[in-house]
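2 protein chains.
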Amino acid sequence: MTDLIWDRPEPSERRAPSPLSRQRIVRAAIELADSAGLDAVSLRKVGSALDAGPMRLYRYVDTKDELLTLMVDAAYAEIPAPAGATWDAVLSSIATGIRGVALRHEWFAELLGGRPHLGPATLAHGEAALTALRATGLDDLGTVTGALATVNVYVIGAVRKEVAERRAQRASGLDQRQWQHATAPYLLRMFATGDYPAMEEWVHDAPHLQADEVFELGLTYLLEGIRSSLRN
Amino acid sequence: MTDLIWDRPEPSERRAPSPLSRQRIVRAAIELADSAGLDAVSLRKVGSALDAGPMRLYRYVDTKDELLTLMVDAAYAEIPAPAGATWDAVLSSIATGIRGVALRHEWFAELLGGRPHLGPATLAHGEAALTALRATGLDDLGTVTGALATVNVYVIGAVRKEVAERRAQRASGLDQRQWQHATAPYLLRMFATGDYPAMEEWVHDAPHLQADEVFELGLTYLLEGIRSSLRN
DNA sequence: CTTGTTCTGATACGGTGTATCGAAAGCTAC
DNA sequence: GTAGCTTTCGATACACCGTATCAGAACAAG
Numbered sequence: 001m002t003d004l005i006w007d008r009p010e011p012s013e014r015r016a017p018s019p020l021s022r023q024r025i026v027r028a029a030i031e032l033a034d035s036a037g038l039d040a041v042s043l044r045k046v047g048s049a050l051d052a053g054p055m056r057l058y059r060y061v062d063t064k065d066e067l068l069t070l071m072v073d074a075a076y077a078e079i080p081a082p083a084g085a086t087w088d089a090v091l092s093s094i095a096t097g098i099r100g101v102a103l104r105h106e107w108f109a110e111l112l113g114g115r116p117h118l119g120p121a122t123l124a125h126g127e128a129a130l131t132a133l134r135a136t137g138l139d140d141l142g143t144v145t146g147a148l149a150t151v152n153v154y155v156i157g158a159v160r161k162e163v164a165e166r167r168a169q170r171a172s173g174l175d176q177r178q179w180q181h182a183t184a185p186y187l188l189r190m191f192a193t194g195d196y197p198a199m200e201e202w203v204h205d206a207p208h209l210q211a212d213e214v215f216e217l218g219l220t221y222l223l224e225g226i227r228s229s230l231r232n
Numbered sequence: 001m002t003d004l005i006w007d008r009p010e011p012s013e014r015r016a017p018s019p020l021s022r023q024r025i026v027r028a029a030i031e032l033a034d035s036a037g038l039d040a041v042s043l044r045k046v047g048s049a050l051d052a053g054p055m056r057l058y059r060y061v062d063t064k065d066e067l068l069t070l071m072v073d074a075a076y077a078e079i080p081a082p083a084g085a086t087w088d089a090v091l092s093s094i095a096t097g098i099r100g101v102a103l104r105h106e107w108f109a110e111l112l113g114g115r116p117h118l119g120p121a122t123l124a125h126g127e128a129a130l131t132a133l134r135a136t137g138l139d140d141l142g143t144v145t146g147a148l149a150t151v152n153v154y155v156i157g158a159v160r161k162e163v164a165e166r167r168a169q170r171a172s173g174l175d176q177r178q179w180q181h182a183t184a185p186y187l188l189r190m191f192a193t194g195d196y197p198a199m200e201e202w203v204h205d206a207p208h209l210q211a212d213e214v215f216e217l218g219l220t221y222l223l224e225g226i227r228s229s230l231r232n
């Protein structure tokens, strides 16, 4: 229907030194998002980071959504190529690769899974993932598809939740203990109603895992599940 | 630190027939989000749906974010109580329960995992999940925690991606075939570069699964993984 | 009736994405 | 070199957003 961004060429640079390009715009937007959060990415701010008015950007990008899409693709380019001798090593490297980028660029986690992406870097990532998986001897396309999709989906959710918690903590003081301190009184009052005995016990006694441990654990579950489905 | 919403009482209703309440506001907001998308939820629009100015809402809610949080909690209240004779049946019912709500209220998927929620309905959901799980004899808190967290995270990602795709399709015409039609030329051109042979083959030959099948498949993997970790 | 408290709506501020359009700047053709 | 055409730019404007401020209305208590 409408042309995808990737389809449209950059505006020509007949004019002498137009020091602007999609790449530079995206880079500026990413820097802004990295340092001030995704909400700080506005066409005005990105523009003025490049000494340009907001309207100038519209030569390179049709819409703000397109800019975000380009940012996502740029982030995909940062994911290291999946590698590993076995299929589970490959899947695991994919997962941790995506997580790494998301922890470096928190806005990436917010955008992940928000809409389908088909940029060149995203495609390249898919390509690398597929070939790496098949190099391990896993050549049933159905299985590969299912496994990849599941791992991707898991990573989206895990990373999103992890980043969300991290931001919430940071928002209310610096410390994690501080965050617990802030919500504790409320939780205690709720528990005092007696309506949530299991939750109360859980908060009390459940082992408190680090974020990476939770991530790793879920991933282990997932891989083990795929493994055992391969045996049939 | 700052008071949580759940802490603050509703404004008193001394004044005769103040036909407003947090509940009514949240309900109006949800209706708006259901029918016109999350972006359509603005204090002005919610207000005028209740014959009120935007400022009036600030008696009941401190911030728009709070309204969104209340919406999420209300959505949690719609999740049917988890049930099942075995722990995997319980986990599975949790997963499909959340997915059901997210498909009914797409904005829920967008908000899921966005920030930590601690509303009464959310707590009640957690309570029900925990007790249902323990009723099946699964009483190691560590295992329960890990399993629940993993399933939750998986559902967040899965639902988010599913809803995103569904919305993208709907955005470009009604039909799914139409969406493929829109992106097909672009993909073909990308494939023509020869840079993505594996992806090309994959698009061609991979079995095309329905959304529910993908969801169910991933869930199966996950449960099987947990199951086999229980055996050790 | 007066006083005090509680609530409301109007107004306003600073921000957003983007449509419109006149002016400038560059290239092409003569 | 100059006229004309095409491409880009920036100013301005519009509609909308979340929310701070504050005068005054509506009620309760004395």
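Line by line, the protein sequences give chains R and G. Take the first sequence: its letter number 44 is residue 44 in the UniProt record's numbering, and every next letter is one higher. Take the second sequence: its letter number 185 is residue 185 in the UniProt record's numbering, and every next letter is one higher. Beta carbons are placed, not taken as given, at the ideal position from N, Cα and C, and that holds for glycine.
- Closest by C-alpha distance to G/L141, out of R/V203, R/I98, R/A74, R/A158, is R/V203.
- Separation of G/S92 and G/L112 (C-alpha to C-alpha, rounded to the nearest whole angstrom) is 18 Å.
- Taking the beta carbon of G/E165 as reference, the chain R residues within 7 Å of it are P116, listed in sequence order.
- The Cβ neighbour count for G/R99, taken over all protein chains shown within 10 Å, is at least 16; the residue is labelled buried.
- Using a Cβ-Cβ cut-off of 8 Å, G/T69 does not count as an interface residue toward chain R, since no Cβ of chain R sits closer than that to its own.
- Under the Cβ distance rule, G/E66 does not count among the residues neighbouring chain R, no pair being separated by less than 8 Å.
- DSSP assignment within the UniProt domain "HTH tetR-type" (19-79) of chain R yields the following whole alpha helix (DSSP H) runs of 4 residues or more, N-terminal first: 22-36, 43-49, 64-77.
- Here DSSP, grouped into helix, strand and coil, assigns R/P82 to coil.
- When DSSP states are grouped into helix, strand and coil, R/A121 belongs to the helix group.
- With contacts defined as CB atoms closer than 8 Å, R/A132 and R/I226 fail to qualify as a contacting pair.
- Fully enclosed beta strand (DSSP E) runs of no fewer than 3 residues are not present anywhere in the stretch 182-212 of chain G.
- Chain R places no beta carbon closer than 8 Å to that of G/L138, leaving this residue out of the contacts.
- Shown here is that no member of the UniProt domain "HTH tetR-type" (19-79) of chain R has a Cβ falling below 9 Å from a Cβ of chain G.
- For the pair G/A198 and G/A77, the Cα-to-Cα distance works out to about 45 Å.
- Relative to the Cα of R/A124, the nearest Cα in the group R/S35, R/D73, R/E66, R/A36 belongs to R/D73.
- Counting C-beta pairs closer than 8 Å gives fewer than three between the stretch 56-70 of chain G and the stretch 79-87 of chain G, which falls short of the contact rule.
- Of the candidates R/A33, R/G37, R/R160, R/V46, R/V46 places its Cα closest to the Cα of R/R24.
- For the pair G/G97 and R/R22, the Cα-to-Cα distance works out to about 43 Å.
- Chain R has a Cβ within less than 8 Å of the Cβ of G/V153.
- A Cβ-Cβ separation of about 7 Å places G/W6 in contact with G/P120 under the 8 Å criterion.
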